[in-house]
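Chain order of the listed sequences is S and Z. Heads up, the first sequence is in the numbering used here, so the first residue is 13 and it goes up one at a time. Heads up, the second sequence is in the numbering used here, so the first residue is 54 and it goes up one at a time.
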Amino acid sequence: MILLDRVTKIYGKEGTPALNRVSLHVEPKEFVILVGTSGAGKSSLLKILTREERPTSGKIVVGGIDYDTLKDRNIPLLRRKIGVVFQDFKLLPQRTVFENIAFALEIVGMTNREIRHTVPKVIELVGLTGKENKFPNELSGGEQQRVAIARAVVRQPKILIADEPTGNLDPKHSWDIVRLLEKINRYGTTVLLTTHNQDIVNKLKRRVITIDHGKVISDVAQGSYNQG
Amino acid sequence: MRRSMTTTLRVFRYGLDNFRRNAWLTTAATVVMTITLLIIIVTVFARFVFNDTIDQVRQKIDISVYLRDEDTPAQIQKFVGDLKNVPDVTSVEYISKSQARQVFETQNKTEFSNLQALAELGSDNPFPASLKVKTKDPNKLDNLNAAIAKNKSLLDPTTPTSYSGERKEAIDKIANVSQFSETAGLVAAAVFVVISIMIVFNTIRMAIFNRRDEIEMMKLIGAEKQFIRGPFIVEAALYGVLAAVISFILMYAVVLTRADSLGQYDIVVGNSVHFFQAWPAAILLAQMVVGMLIGVFSAQLAIRRYLKL
């Protein structure tokens, strides 16, 4: 599903590599946790996967799309296969829960009828039934992150990238979000989660990839936070 | 097909939403664009009015060439032929001595002293025969003067050729005012077009800045570039449409209802008013097109500079 082969990213002309010959392979339907300290290179890796950044060298194939042959005009098509969830939710404050989720469908030209049919199902999946007409500022942090996840998965992407989704949440809400990500993974979506939360990493018993100074220093099938 | 239609409609809806959300900036951009469109339409209107006025005055202008009493009908006939051959000449009319006297008598009906002086002359007629020449443009008389000079021997040496002196001056004055107002109008329009472009450019720049998170999110969830840019273009085009409607209403309400009062100053407004009254939809449409062009052009500049996708 995700293949990186000796991917290097250097910012500026002679800077220190943010990613240094990173190679990894993620199978379809896998749940992978990416850990590392701030500045380790996690964000660079995610930005390269969503094609916000281009690697300095190396090969990337995501969902069968080879980034070497990917034309700029097809980047939106790639991004529609990848759902992204952020630490700060990035919801549109002047739109309701329903409208925020529907927005992801509107931009791909789905009809209003299809939207009315699809969005309630996702709202139910993330456990927000009854809050369709609330605005983001009327929701708790955990609920806002659920809306963001609903928006990310409403188009049924093959891959869900969750970049520190629990970073702004208390432990209870953090676990709610993690359970939701596991549920989505069970439905067949590959999940790539980055987190600093040791408790979550240790208890999930999932594959853990540790990055440090731009290099993969460990890749363990049922890993824990400090294994690297 | 249906999806692209749905997407296009959504781009318009988002543009409309942005337009509403941006109330203050929208107002500023719309006001400036309204002033710009008003200046443009008033300049066009003034040009029509001045042209009509000048045309009307020109039609009244004639040049009188006075003839000697000794000139024979054959000589006069040839002179008339020479004048008619001048390209700018539209008509040549022969006024005989007796007709000239009648004209004088008609024009001096109430001037008894003049009539009395004439009566004292008895059957003597002091008025020379003349040729009344009308031209397309009283300011271009070189060819005519050449034709007159060619027949100099037939001219009455005591009565010089008349160019309807005052009227010519009036025409020159109107032409000058017309030229000045047209230039001033064009300069003002150009200045305000530039100001409009700057204001709309800035408004869209602010809108892009205010919505940077939304734009970022749209990019990451796979929105096409046109889908992200489209609403800004629609928003800017709406400034033009709204400004066109407002300036159209102002133009019709204020200028056209007051236009008749200009008639007191011998300014011909009738045709222009009729034109504006006969073609309101076309004029509104033209204003909308100009407004939208200004808006879209400015938005494109701002997008190219600030919306990196």
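C-beta: ideal position from N, C-alpha, C; glycine also. Here the structure is a predicted model, which is why all the values come from computation and not from measurement.
Opening and closing residue of the alpha helix (DSSP H) in which residue i lies
{"i": "residue 159 of chain Z", "result": "150 to 160"}
{"i": "residue 119 of chain Z", "result": "Taken as a continuous stretch (DSSP letters only), residue 119 of chain Z belongs to no alpha helix (DSSP H), being part of the beta strand (DSSP E) at 116 to 119."}
{"i": "residue 127 of chain Z", "result": "126 to 137"}
{"i": "residue 168 of chain Z", "result": "165 to 173"}
{"i": "residue 190 of chain Z", "result": "Neither: residue 190 of chain Z is in no alpha helix (DSSP H) and is coded neither H nor E."}
{"i": "residue 68 of chain Z", "result": "55 to 74"}
{"i": "residue 91 of chain S", "result": "87 to 91"}
Local Cβ density within 10 Å of residue i, reported as buried at 16 or more and exposed below that
{"i": "residue 258 of chain Z", "result": "buried"}
{"i": "residue 183 of chain S", "result": "exposed"}
{"i": "residue 24 of chain S", "result": "exposed"}
{"i": "residue 157 of chain S", "result": "buried"}
{"i": "residue 340 of chain Z", "result": "buried"}
{"i": "residue 178 of chain S", "result": "buried"}
{"i": "residue 71 of chain Z", "result": "buried"}
{"i": "residue 198 of chain S", "result": "exposed"}
{"i": "residue 39 of chain S", "result": "exposed"}
{"i": "residue 344 of chain Z", "result": "buried"}
{"i": "residue 347 of chain Z", "result": "buried"}
{"i": "residue 80 of chain Z", "result": "exposed"}
{"i": "residue 154 of chain S", "result": "buried"}
{"i": "residue 334 of chain Z", "result": "exposed"}
{"i": "residue 4 of chain S", "result": "In the structure as shown, chain S begins at 13 and stops at 240. Residue 4 of chain S is therefore absent and cannot be evaluated."}
{"i": "residue 361 of chain Z", "result": "exposed"}
{"i": "residue 206 of chain Z", "result": "exposed"}
{"i": "residue 289 of chain Z", "result": "buried"}
{"i": "residue 126 of chain S", "result": "exposed"}
{"i": "residue 235 of chain S", "result": "buried"}
{"i": "residue 106 of chain Z", "result": "buried"}
{"i": "residue 291 of chain Z", "result": "buried"}
{"i": "residue 21 of chain S", "result": "buried"}
Cross-chain neighbours of residue i in chain S, by beta carbon under 7 Å
{"i": "residue 270 of chain Z", "result": "102"}
{"i": "residue 266 of chain Z", "result": "102"}
Boundaries of the beta strand (DSSP E) in which residue i is found, first to last residue
{"i": "residue 32 of chain S", "result": "29 to 38"}
{"i": "residue 17 of chain S", "result": "14 to 22"}
{"i": "residue 174 of chain S", "result": "171 to 175"}
{"i": "residue 343 of chain Z", "result": "It is not in any beta strand (DSSP E) - residue 343 of chain Z instead sits in the alpha helix (DSSP H) that spans 333 to 359."}
{"i": "residue 213 of chain S", "result": "Careful: residue 213 of chain S lies outside any beta strand (DSSP E), inside the alpha helix (DSSP H) at 210 to 216."}
{"i": "residue 43 of chain S", "result": "43 to 47"}
{"i": "residue 109 of chain S", "result": "That residue, residue 109 of chain S, is in no beta strand (DSSP E); its alpha helix (DSSP H) goes 109 to 118."}
{"i": "residue 222 of chain S", "result": "219 to 224"}
{"i": "residue 230 of chain S", "result": "227 to 232"}
{"i": "residue 307 of chain Z", "result": "Run containing residue 307 of chain Z: none; DSSP gives neither H nor E here."}
{"i": "residue 95 of chain S", "result": "94 to 97"}
Chain Z residues whose Cβ lies nearer than 8 Å to that of residue i
{"i": "residue 123 of chain S", "result": "55, 56, 59"}
{"i": "residue 62 of chain S", "result": "273"}
Partners in chain S for residue i, counting only beta-carbon separations shorter than 8 Å
{"i": "residue 280 of chain Z", "result": "119"}
{"i": "residue 288 of chain Z", "result": "The premise fails here: residue 288 of chain Z is roughly 15 Å from chain S at the closest Cβ pair, so nothing lies under 8 Å."}
Interface partners of residue i on chain S, CB under 9 Å
{"i": "residue 63 of chain Z", "result": "118, 119, 121"}
Proximal residues of chain Z, C-beta to C-beta of residue i below 7 Å
{"i": "residue 88 of chain S", "result": "275, 276, 277"}
{"i": "residue 91 of chain S", "result": "273, 274, 275"}
{"i": "residue 96 of chain S", "result": "273"}
beta-carbon residue i near the ligand FMN non-hydrogen atom, thresh 7 Å
{"i": "residue 170 of chain Z", "result": "This structure lacks the ligand FMN, and indeed carries no ligand of any kind."}
Interface residues of chain Z facing residue i [CB-CB closer than 9 Å]
{"i": "residue 74 of chain S", "result": "The contacting residues do not exist; residue 74 of chain S stays about 13 Å from chain Z at best."}
Q) Counting only runs that start and end within the segment 49 to 81 of chain S, where is the beta strand (DSSP E) found for 3 or more residues in a row? A) 69 to 74
**Q.** Length at least 4, wholly inside the segment 219 to 293 of chain Z: the alpha helix (DSSP H) runs in chain order
**A.** 265 to 273
**Q.** Every unbroken beta strand (DSSP E) within the segment 129 to 205 of chain S, with a cutoff of 3 residues, ordered by chain
**A.** 171 to 175
Q) Do the segment 123 to 138 of chain Z and the segment 199 to 207 of chain Z touch if we need at least three Cβ pairs shorter than 8 Å? A) yes
Q. Okay, do the segment 172 to 187 of chain Z and the segment 139 to 151 of chain Z touch, 3+ Cβ pairs below 8 Å being the bar?
A. yes
(Q) Closer than 8 Å is the cut-off here; do at least three beta carbon pairs connect the segment 221 to 240 of chain S with the segment 95 to 102 of chain S? (A) no
Q.
Measuring CB atoms only, is the segment 55 to 75 of chain S touching the segment 235 to 251 of chain Z, in the sense that at least three cross pairs come out at less than 8 Å?
A. no
Q | contact_flag[the segment 58 to 69 of chain Z, the segment 275 to 286 of chain Z] where n(CB pairs < 8 Å) is 3 or more | A | yes
Q: Tell me, please, whether the segment 185 to 192 of chain S touches the segment 112 to 132 of chain S by the rule of three or more beta-carbon pairs shorter than 8 Å.
A: no
Q. Can we say the segment 114 to 128 of chain Z touches the segment 89 to 97 of chain Z, given the rule of at least three CB pairs closer than 8 Å?
A. no
Q: Determine, using beta-carbon pairs with one atom in the segment 138 to 145 of chain S and one in the segment 28 to 38 of chain S, whether at least three such pairs fall under 8 Å.
A: no
Q) Is the segment 264 to 272 of chain Z touching the segment 97 to 112 of chain S, taking contact as three or more C-beta pairs under 8 Å? A) yes
Q: Evaluate the contact criterion for the segment 110 to 119 of chain Z versus the segment 271 to 279 of chain Z: three or more CB pairs, one atom per stretch, below 8 Å.
A: no
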